[in-house]
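Mapped onto this note's numbering, the consecutive letters of the sequence shown carry residue numbers 23 to 273. Notes for the one structure printed next.
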Amino acid sequence: MRKTIIAGNWKMNKTNKEAVEMLTELKELVKGVDSVGIVIGAPFTALSDAVKAVEGSNVKIAAENVYPKDSGAYTGEVSPVMLKDLGVEYVILGHSERREYFKESDEFINEKVKAVLAHGMTPILCIGEKLEDREAGRTDEVNKTQIRGGFAGLTGEEAKKIVVAYEPVWAIGTGKTATPEIAQETHKAIRQELTEMFGEEVANEITIQYGGSMKPNNAKELLAQADIDGGLIGGASLKATDFYDIIKAAL
Ligand code: PEP
């Protein structure tokens, strides 16, 4: 029904040379894996060589951000046209670090979602609550707002093309993972929200990844949950062998 996708998010890590070395190692390890989508999110500076390094393999490359205009006077920004031209297939959007440090709003993220779709790439839309939201019992409300904002104005056909990454902010880079039960409960609520927006058929086709300290030693239990369709992995995506161990847990 829906595809399991294991995606890495390198964040602001790896020089071009380091990126190519890791991808060269990874593509050998994952040869023949066809039941799981494999994606690596790399910094802009490494994208061109990253795409070349994985050419002809089952590893796809993601950008970690985009500006939602095709071209123009936006100094320092990178457009979806430029990413598409390089052969980038996915774009990570609305990561909690961008929401927090760069003050990205749901409206702005929604513009990016639309721009990425318009250029035939796949958005990986990150959502997730902060610790204070969870402690105040606002988890579902926060995720609902981010889902409604990110998917605003889309048709069901467009919605089906989006990958959602549920990443509880309190679990990112902290070593604290949501228990499989907590993660499943939240994923189910997210799918319920998508069902209300687009109907069951569309909601059942949307891949919802879990992200937040997913590691080789906890991936299997998380990925075994009914509504968890993969992972978005930060720290453990930097080493090819760690990342491959997570992919194996999804097979
Ligand atoms: C992330 O930043 O998307 C992430 C999940 O990071 P980590 O796996 O390091 O918690």
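C-beta atoms are modelled at their ideal positions from N, C-alpha and C, and glycine is treated no differently.
For residue i, does the three-state DSSP call read helix, strand or coil?
i, result
"Pro90", "coil"
"Ile250", "coil"
"Val42", "helix"
"Tyr232", "strand"
"Tyr266", "helix"
"Val274", "Examination of residue 274 is not possible in this model, given that the chain is present from 23 through 273 alone."
"Val224", "helix"
"Thr114", "The identity of residue 114 in the sequence shown is Ile, whereas the question assumes Thr. Looking at Ile114 - three-state DSSP - the assignment turns out to be strand."
"Leu273", "coil"
"Gly98", "coil"
"Thr177", "coil"
"Ile212", "helix"
"Val191", "helix"
"Lys237", "coil"
"Lys36", "coil"
"Leu108", "helix"
"Val76", "coil"
"Gly171", "helix"
"Leu244", "helix"
Whose C-alpha, out of the options, is nearest the C-alpha of residue i?
i, options, result
"Cys148", "Ala246, Asn80 and Gly253", "Gly253"
"Gly116", "Glu86, Met219, Asp92 and Glu215", "Glu86"
"Ala248", "Arg156, Glu215, Glu207 and Thr97", "Glu207"
"Ala205", "Asn226, Pro190 and Tyr112", "Pro190"
"Ala64", "Thr263, Lys152 and Thr37", "Thr37"
"Met44", "His141, Ala258 and Val110", "Ala258"
"Ile62", "Val55, Val73 and Asp56", "Val73"
"Val42", "Ala246, Ala75, Ile60 and Lys166", "Ala75"
"Gln168", "Glu157, Ile250, Lys182 and Ala187", "Ala187"
"Gly78", "Tyr96, Thr46, Asp107 and His209", "Thr46"
"Val138", "Glu111, His209 and Glu223", "Glu111"
"Lys210", "Ser57, Ile250, Ile184 and Thr196", "Ile250"
"Glu276", "His141, Lys166, Glu154 and Ile212", "The question about residue 276 has no answer here: the residues shown for the chain are numbered 23 through 273."
"Ala246", "Lys106, Ile230, Lys261 and Leu260", "Ile230"
"Met23", "Gly256, Leu260 and Ala225", "Ala225"
State the beta-bridge partners of residue i as determined by DSSP.
i, result
"Lys82", "Val61"
"Thr26", "Val58"
"Asn31", "Gly63"
"Ala185", "Looking at the sequence shown, residue 185 is not Ala but Val. Val185 pairs with Ile146."
"Ile255", "Gly30"
"Ile204", "None, per the DSSP bridge assignment."
Hey, which unbroken runs of the alpha helix (DSSP H) at 4 residues or more fall wholly within the segment 116-169? Runs of the alpha helix (DSSP H) lying entirely within the segment 116-169, each at least 4 residues long, are 118-123, 128-140 and 153-157 in chain order.
Touch check for the segment 260-268 and the segment 29-46: three-plus C-beta pairs under 8 Å?
Yes, since at least three Cβ pairs between the segment 260-268 and the segment 29-46 fall closer than 8 Å, the two stretches touch.
Is the segment 226-240 touching the segment 63-80 in the sense that three or more CB pairs, one from each, lie closer than 8 Å?
As far as the Cβ criterion goes, the segment 63-80 does not touch the segment 226-240, which means the pair count is below three.
Cβ contact check for the segment 155-165 and the segment 123-137: 3 or more pairs under 8 Å = The segment 155-165 vs the segment 123-137: no contact.
Does the segment 105-122 come close enough to the segment 196-204 that 3 or more CB-CB pairs lie under 8 Å?
With the cut-off at 8 Å, the segment 196-204 and the segment 105-122 do not touch.
Practice prompt. Kindly confirm or deny that the segment 139-155 and the segment 164-180 touch, where touching means at least three C-beta pairs closer than 8 Å.
Written response: Contact holds: three or more Cβ-Cβ distances are below 8 Å.
Can at least three beta-carbon pairs, one atom from the segment 85-105 and one from the segment 35-53, be found at a separation below 8 Å?
Result no; under three Cβ-Cβ pairs closer than 8 Å.
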